[in-house]
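Numbering-wise, numbering that gives the first Met the number 0 puts 54 at position 55 of the sequence shown, and it's gapless, one number per residue.
Where is the CB? At the ideal position from N, CA and C, for every residue including glycine.
Please read these numbers as outputs of a predicted model, since none were measured by experiment.
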Amino acid sequence: MRDSSRLTRRAALGLTAAALPLSAAAPASAATAGARTAATVVGGERLAQGGIQVRGASGLPKKITARAWLLADCDSGEVLASYNAHTRLAPASTLKMLFADTVLKKFERTERYKVKDSDISDVPAGSSLVGIKPGLTYTVEQLWQGVFLRSGNDAVHVLSHMNGGIARTVAEMQAKAADLQALDTHVVSPDGFDHPGQLSSAYDLTLFARHGLKDDDFRGYCGTRTANFPAGGKKNFQIQNTDRLLTGAWGLDVYKGLFGVKNGYTSHAGNTFTGGATRDGRTLLVTVMHPDPATNAVYEQTAALLDWGFGKGRSAQPVGTLVDPLSEGGASASPSPSKGKGAAGAAGAGAAGSGASGPSPWRVAEGGAVTFGLLGAGAWALRRRRRAAGAAAGPDSGDTTADSARTPAGPTAG
Numbered sequence: 000m001r002d003s004s005r006l007t008r009r010a011a012l013g014l015t016a017a018a019l020p021l022s023a024a025a026p027a028s029a030a031t032a033g034a035r036t037a038a039t040v041v042g043g044e045r046l047a048q049g050g051i052q053v054r055g056a057s058g059l060p061k062k063i064t065a066r067a068w069l070l071a072d073c074d075s076g077e078v079l080a081s082y083n084a085h086t087r088l089a090p091a092s093t094l095k096m097l098f099a100d101t102v103l104k105k106f107e108r109t110e111r112y113k114v115k116d117s118d119i120s121d122v123p124a125g126s127s128l129v130g131i132k133p134g135l136t137y138t139v140e141q142l143w144q145g146v147f148l149r150s151g152n153d154a155v156h157v158l159s160h161m162n163g164g165i166a167r168t169v170a171e172m173q174a175k176a177a178d179l180q181a182l183d184t185h186v187v188s189p190d191g192f193d194h195p196g197q198l199s200s201a202y203d204l205t206l207f208a209r210h211g212l213k214d215d216d217f218r219g220y221c222g223t224r225t226a227n228f229p230a231g232g233k234k235n236f237q238i239q240n241t242d243r244l245l246t247g248a249w250g251l252d253v254y255k256g257l258f259g260v261k262n263g264y265t266s267h268a269g270n271t272f273t274g275g276a277t278r279d280g281r282t283l284l285v286t287v288m289h290p291d292p293a294t295n296a297v298y299e300q301t302a303a304l305l306d307w308g309f310g311k312g313r314s315a316q317p318v319g320t321l322v323d324p325l326s327e328g329g330a331s332a333s334p335s336p337s338k339g340k341g342a343a344g345a346a347g348a349g350a351a352g353s354g355a356s357g358p359s360p361w362r363v364a365e366g367g368a369v370t371f372g373l374l375g376a377g378a379w380a381l382r383r384r385r386r387a388a389g390a391a392a393g394p395d396s397g398d399t400t401a402d403s404a405r406t407p408a409g410p411t412a413g
């Protein structure tokens, strides 16, 4: 990424435009959406439709303002209800679930690593941080606690460099998304920070959570409320999970049975959250993306959907399914004739935070060549953003909490 700083602005912008999917590089119109001859349907025809999808149950919460959401049974994979399940939106730090799905099993928890300056020099200004210091040695377990509890982009970047670098990690994440059949997802950075073209969907984020929860380490990290983190020497400081339904922070009650999974916030994406809870032997997953700005909206709406799922939603008949990974015998999603507007209808797609019309058929190849092109352009943009933010924002510009509902002056990732 160092060599990419020599790119001219025109060259960098050209690379970015060339590498983005068409649906993310230009707005979609009703005409183009309707003119498509085929659209990839993952999880069932009803999930490709816009609007609320529910069958056999009533009484869904009325005050759900999210641009997309999905409720599913974690064990069976049945989707019990959804709204714009495949609409492509900026994921913020919920994308870290895919990062964990990709990298978590590569290193032993007890492995120790001494952080270098170069490991965190490419962390975007305005990122959520756990407080990693070059020169200190951390265990892999501590780094993952930084990722899951504090949504630390510095921890993500250290683990990415341990994994061979940012570009390699992004390519592997895109390949993992393809294996999971998360075809709405396009990865630009491993941390979920705002980048043009970095997109996912409520369906895909729920896939990431369900897959990750099969792993004991993933489940343990996302359900950890507090941990001690190295401060240098023999000193530590305590970090707390930013999932408010897990900890009861910001005036919320701890949600009964909740065990994680991952929250996120950026100034462009707004709030995103995938939460999981178990009651009476039943485990449900809910993903909520981009509700109206409010201090606790993403958590309150998640709790309301979980309440419905454990209550009136017990009679719901599935409107779709969370598919299995291809590597685990999952049937490949097949093209299906388009029926006019897809999951997002005529919604435009541009910079991070915009929806796109229907699922995107990204494949493994794009995880390599396309992603490397994006990163070359992205490095120039990140350096320019960092210099500008550092000059204008002052000493606290990079110390924005991950799940803050306030809109900061510049882009922040959580």
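- For Phe192, DSSP assigns no beta-bridge partner whatsoever.
- DSSP places Arg66 outside any alpha helix (DSSP H), giving it a letter other than H or E.
- Restricting attention to Ala56, Ala315, Ala71, the CA atom closest to the CA of Thr277 is found in Ala71.
- Asp252 carries a coil assignment under DSSP once its states are collapsed to helix, strand and coil.
- Rounded to whole angstroms, Ser266 and Val146 show a C-alpha spacing of 19 Å.
- Shown here, His289 sits in coil according to DSSP, grouped into three states, outside any helix or strand.
- Note on the segment 98–163: whole alpha helix (DSSP H) runs with a minimum of 4 residues are 116–119, 139–149, 152–161, in chain order.
- Thr205 carries a helical assignment under DSSP once its states are collapsed to helix, strand and coil.
- Note on Phe228: 16 or more other CB atoms within 10 angstroms of its CB, so buried under the neighbour-count rule.
- The Cβ atoms of Leu79 and Pro317 lie closer than 9 Å to each other.
- Comparing alpha carbon positions, the residue from Val129, Gln144, Gly247, Val287 closest to Ser199 is Val287.
- Across the set Glu110, Gly308, His85, Gln48, the C-alpha of His85 shows the shortest separation from the C-alpha of Gln180.
- Short of 7 Å from the beta carbon of Tyr220, and not among the five residues preceding or following it, lie these beta carbons of its own chain, in chain order: Trp143, Gln144, Phe147.
- In this structure, the straight-line span from the alpha carbon of Lys115 to that of Leu135 is close to 8 Å.
- When the beta-carbon positions are compared, Asp242 and Lys261 come within less than 9 Å of each other.
- Under a 10 Å Cβ-count criterion, Val41 is classified as buried, with 16 or more other Cβ atoms of the shown protein chains found around its own Cβ.
- The segment 193–213 makes contact with the segment 94–106; the number of CB pairs closer than 8 Å reaches 3 or more.
- Counting along the chain, no beta strand (DSSP E) covers Val318, and no H or E run does either.
- In the three-state DSSP reduction, Lys234 falls in the strand class (E or B).
- With contacts defined as CB atoms closer than 9 Å, Trp68 and Leu304 qualify as a contacting pair.
- Closest in C-alpha terms to Lys255, from the list Arg66, Gly55, Asn162, Thr282, comes Thr282.
- Note that the C-beta distance between Ala91 and Gly274 is not below 9 Å.
- DSSP lists Asn270 as the beta-bridge partner residues of Tyr264.
- Straight-line spacing of the CA atoms in Gln237 and Ile131 works out to 13 Å.
- Distance between Asp203 and Lys233, taken at the CA atoms: about 41 Å.
- Pro133 counts as exposed, since fewer than 16 other beta carbons sit within 10 angstroms of its beta carbon.
- As DSSP reads the structure, His85 sits in no beta bridge.
- With contacts defined by Cβ atoms closer than 9 Å, Gln300 and Ile63 form a contacting pair.
- Within the same chain, Cβ atoms closer than 6 Å to the Cβ of Asn240 are found at Leu148, Arg224, Thr246, the five residues on either side in sequence being excluded.
- With contacts defined by Cβ atoms closer than 9 Å, Phe192 and Asn162 do not form a contacting pair.
- In this structure, Leu158 sits away from Phe207, with a CB-CB distance that is not shorter than 9 Å.
- In the three-state reduction of the DSSP assignment, Asp183 falls in the coil class, being assigned neither a helical nor a strand state.
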